[in-house]
Each structure stands twice: as C-alpha cells, then as structure tokens.
Amino acid sequence: MAQGAAVTHPLALDAVFSFAALWAAAARASRGRRLQPSVARFRLDLEPQLLAIRRAVLAGTWRPSPTRALLVRDPKPRRIAVPTFGDRVVHHCVGAALEPCHERRMIADSYACRRALGTHAALRKATAWARTYRWWVRLDVAQYFPSIDHAVVREQLARDLPDIPLRALCERILAAGGRPGTLYVPGDDLFAPHARTVGLPLGSLLSQLFANRYLDPVDHLVKDRLHLRGYLRYMDDMLLFHDDRRALEEVARRVEDACHGLRLRLHAWCVQPTAAGVGFVGYRVMPDHVRVRRTSVNRALRRLRWQLRHVGDLGDEGVRAGLRAVFAHWRHAQSWRLRARTLRRLGLLAGDDTPGGDR
Numbered sequence: 005m006a007q008g009a010a011v012t013h014p015l016a017l018d019a020v021f022s023f024a025a026l027w028a029a030a031a032r033a034s035r036g037r038r039l040q041p042s043v044a045r046f047r048l049d050l051e052p053q054l055l056a057i058r059r060a061v062l063a064g065t066w067r068p069s070p071t072r073a074l075l076v077r078d079p080k081p082r083r084i085a086v087p088t089f090g091d092r093v094v095h096h097c098v099g100a101a102l103e104p105c106h107e108r109r110m111i112a113d114s115y116a117c118r119r120a121l122g123t124h125a126a127l128r129k130a131t132a133w134a135r136t137y138r139w140w141v142r143l144d145v146a147q148y149f150p151s152i153d154h155a156v157v158r159e160q161l162a163r164d165l166p167d168i169p170l171r172a173l174c175e176r177i178l179a180a181g182g183r184p185g186t187l188y189v190p191g192d193d194l195f196a197p198h199a200r201t202v203g204l205p206l207g208s209l210l211s212q213l214f215a216n217r218y219l220d221p222v223d224h225l226v227k228d229r230l231h232l233r234g235y236l237r238y239m240d241d242m243l244l245f246h247d248d249r250r251a252l253e254e255v256a257r258r259v260e261d262a263c264h265g266l267r268l269r270l271h272a273w274c275v276q277p278t279a280a281g282v283g284f285v286g287y288r289v290m291p292d293h294v295r296v297r298r299t300s301v302n303r304a305l306r307r308l309r310w311q312l313r314h315v316g317d318l319g320d321e322g323v324r325a326g327l328r329a330v331f332a333h334w335r336h337a338q339s340w341r342l343r344a345r346t347l348r349r350l351g352l353l354a355g356d357d358t359p360g361g362d363r
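Residue numbers (the numbering used here): 5 to 363.
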C-alpha cells in the first residue's frame with residue numbers, strides 16, 4: 005500500500021456497497037430466481053442498475069420501495085412482504101456487513117441464519133441433549149416477527165454498527181415495515197404499547213438477521229449468568245434441558261422474564277420428561293431415535309402431490325428435485341419406511357416395505 009493511503013473502514017458505505025459487493029449480492033439474491041420476470045429484467049441491465057443503487061446509497065437518497073404482499077398458508081396463514089429485486093440486493097449487501105458483527109456476539113448454540121449451522125445442526129444438538137438429560141422445556145415466542153420492538157432493534161444496531169451512515173440505512177429499512185404496537189407486557193400502562201413501533205416483515209433477509217440478533221441477550225443470560233449447559237435456540241424456538249425439574253422451571257421463568265424485558269410474550273409452556281419426546285424443527289426427538297413430525301409429513305405430501313399434478317409445467321427433473329429435497333430432509337430421522345410409503349402413495353413405487361426397519 006502506498007505511504008499515506010487512506011484505509012476504508014469495512015463498515016463504511018463505500019466499502020459495504022462497493023461494485024464488487026453489489027455484484028456478489030446480486031448473484032446471491034438471484035440464486036434460484038433467475039427465471040422470474042423481475043429478476044430477469046434487472047439482470048438484463050445489471051451493471052447500470054448496480055451503479056444506480058451505489059450512487060443512491062452513497063448520496064443518502066436511497067429509500068426502500070413498496071413491497072408486494074403475498075399470502076401463504078403453509079403451515080399456517082402468513083402474510084409475506086416481498087421486496088423488489090433491487091431492494092433484495094441492498095439487503096444482501098447490508099447482511100454481509102452485519103453477519104460478522106453478529107457472529108462475534110452470538111453463542112455457539114444459536115442455529116438460525118448462520119453459516120454451517122441451520123436446522124439439521126440444531127437437530128443433532130437437540131438429540132445429544134435429549135440423550136443426556138431427563139427433563140426438557142420448549143419456549144417459543146407468540147407472534148414473534150410482528151412483536152419485535154423497533155426501539156430495541158435500534159439499540160442493538162447502535163451497539164453493533166459504529167458506522168452511523170450504515171446504521172441510518174438499516175433504520176430506514178427497519179422503519180419501512182413498522183406498525184403501532186398492541187402487546188402489553190408486565191409493567192405497561194394503558195397507552196404504552198400504542199406509543200411503540202413494532203413488527204418485522206416476513207420475507208426479508210434483514211428481518212431474519214434482526215430477529216435472530218434480537219434474542220441474543222436471552223442466550224447470554226442462559227449460558228453466561230444462569231450457566232445452563234443444555235440450551236439451544238433456533239430463531240424464537242428455545243430448548244432447555246436439565247436433570248432437575250425444579251431447577252429447569254426456575255430457569256424457564258427467568259427466560260420468560262427476560263423476554264418480557266424485550267417486549268415479547270411466550271406461549272404457555274411446561275417441563276416434560278425427555279423420554280416423552282422433544283418436538284423441534286419439524287422432528288420428534290426421542291432419547292434413542294428421531295422421527296419426522298406428522299405435520300411436516302403432511303405438508304411435504306401436499307407439495308409433492310401438487311408438483312406431480314403440474315409435472316407438465318415443472319418437468320420431470322423439477323419433480324425429481326422436489327422429491328430429492330424432501331427425502332434429504334427426512335434422512336436426518338429414522339425414515340426408511342416413511343420414504344417407501346410416500347413413494348407408494350404418490351404412485352411411484354409398488355409392493356410392500358422392504359424388511360429391515362428404518363435406517
């Protein structure tokens with residue numbers, strides 16, 4: 005490097021939105037979507053589009069575009085806010101800058117939205133804890149994404165991002181999906197919830213990152229102050245394990261109080277023996293084996309039947325890809341008979357189950 009040359013801070017807007025970073029973000033955002041009309045139109049003039057985004061961000065004039073509402077009913081009715089492709093590129097650039105900041109803070113047993121982790125790594129850890137401890141409790145947040153408080157997210161952004169322009173950009177993205185609050189937590193007066201802005205839109209990469217970071221203080225409470233070894237979290241689903249039932253109940257109450265401090269409310273919970281099974285990330289975890297949950301099986305069957313009905317649009321390879329994806333997910337459980345039975349239900353296999361049990 006030449007003597008006296010200026011070093012750009014890695015969180016400066018000029019570095020976060022360099023042309024190389026924008027190009028890589030566009031590649032990530034278009035993965036699996038290249039044939040969508042909006043993506044194809046954007047990529048037709050990719051370089052001018054990326055340069056326009058860079059100029060707008062550096063000038064401070066970039067603003068989130070209106071999202072497209074999409075209602076999905078799998079597994080339950082949810083409203084998805086689909087951002088424009090250009091906004092997704094911006095989200096991926098910001099996400100690439102936020103990820104190292106989050107990684108430095110997060111515990112090893114938080115599994116959502118992290119490289120080399122995910123649902124199957126969480127399943128393996130839950131299986132290990134189920135084989136180790138006698139009692140477990142699952143804590144999950146009621147209406148998690150709609151309940152996330154913007155003031156708390158802004159406080160976390162202030163700690164994570166010393167670069168004020170990048171933080172201001174994140175706050176603009178955050179504010180675009182907000183609405184007045186309605187949730188009362190202990191200590192609120194009559195008007196407290198309505199004076200707050202809450203909610204992260206489903207369907208955004210940054211919503212997932214903000215939501216995963218949101219419960220990081222609870223992780224550190226459990227691991228660093230309460231010293232509970234048997235703990236893991238996947239987004240807002242928390243599993244706690246212990247050999248002492250009363251001690252586990254006390255830790256769960258402390259976690260519930262901490263969630264109230266973050267203006268979140270938990271579903272009803274109770275401590276159960278691990279021998280009865282642990283429901284988590286679409287599986288039923290027993291001390292000696294793992295099963296796919298019936299609700300997950302039913303959803304997969306509906307998708308596969310829909311694909312078979314539309315084989316003319318998807319093509320044979322599209323149907324095979326869907327089947328491979330479902331079976332790859334199921335292989336993390338004892339599911340040999342389930343896979344054979346599914347093939348027969350779909351009319352793709354004749355005969356009885358092959359002897360030998362699940363594997």
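Cβ atoms here follow ideal geometry from the backbone N, Cα and C, with glycine treated the same way.
Predicted model only: the values in this text are computed from it and were never measured.
Check, Outcome
"Secondary structure at T65, three-state DSSP: helix, strand or coil?", "coil"
"Do L194 and C174 have their beta-carbon atoms positioned less than 8 Å apart in this structure?", "no"
"Between the Cα of S114 and those of G181, R82, V43 and L213, spot the shortest distance and give me the residue it belongs to.", "L213"
"Taking the runs of the alpha helix (DSSP H) that are 4 residues or longer, which of them lie wholly in the segment 222-272?", "249-265"
"With distances taken from CA atoms, which of T201, R118 and L170 is nearest A155?", "T201"
"Check the DSSP bridge columns for P36 and list the partner residues they point to.", "According to the sequence displayed, residue 36 carries Gly and not Pro. Per DSSP, none; premise fails for G36."
"Among all the DSSP beta bridges, which residues are the ones paired with G283?", "R288"
"Residues in the same chain with beta-carbon distance under 8 Å from H224, minus the five sequence neighbours each way, listed in chain order, please.", "I111"
"Could you please give me the residues that DSSP links to T201 through a beta bridge?", "P184"
"Could you check which residue in G90, R257, L102 and W140 has the C-alpha nearest to that of R171?", "L102"
"Would the segment 229-245 count as touching the segment 133-146 if we require 3 or more Cβ pairs under 8 Å?", "yes"
"So, with DSSP's three-state summary, where would you put Q147?", "coil"
"Just to confirm, are R298 and G286 a CB contact at a threshold of 8 Å?", "no"
"For the beta strand (DSSP E) that contains V76, what are its first and last residues?", "R72 to V76"
"For A31 and E254, I'd like the C-alpha separation in whole angstroms.", "47 Å"
"Would you grab the beta carbon distance between A215 and L204 for me? Rounded to a whole angstrom, and I think it's under 8 Å.", "6 Å"
"State whether the segment 174-185 contacts the segment 271-289, with contact taken as three or more CB pairs (one from each stretch) at a distance under 8 Å.", "no"
"To the nearest angstrom, how far is the alpha carbon of N302 from that of R348?", "15 Å"
"Under 6 Å Cβ to Cβ from Y218, same chain only, skipping five residues before and after it: list those, please.", "I152"
"Give every residue of the same chain whose Cβ lies closer than 6 Å to the Cβ of W133, excluding the five residues on either side of it in the sequence, and list them in chain order.", "G234 and F245"
"Hey, could you find the ends of the beta strand (DSSP E) V294 is sitting in?", "V294 to V296"
"Between the C-alpha atoms of D167 and R158, what's the straight-line distance to the nearest angstrom?", "13 Å"
"Under 8 Å by Cβ, that's how I've got R58 and L26 pegged, so tell me the actual separation to the nearest angstrom.", "6 Å"
"Kindly indicate which three-state DSSP category R119 falls into: helix, strand or coil?", "coil"
"Roughly how many angstroms separate the alpha carbons of D91 and S69, rounded to a whole number?", "7 Å"
"Helix, strand or coil, according to DSSP, for P277 in the structure here?", "strand"
"To the nearest angstrom, how far is the alpha carbon of G361 from that of R341?", "Because the pLDDT of G361 is 46, which lies under 50, any placement of that residue in the model is unreliable, and the question is left without a value."
"Would you mind listing the alpha helix (DSSP H) stretches within the segment 319-354 that are 4+ residues and don't spill past its ends, in chain order?", "340-349"
"Considering just the uninterrupted stretch of the alpha helix (DSSP H) at I177, what are its terminal residues?", "I168 to A179"
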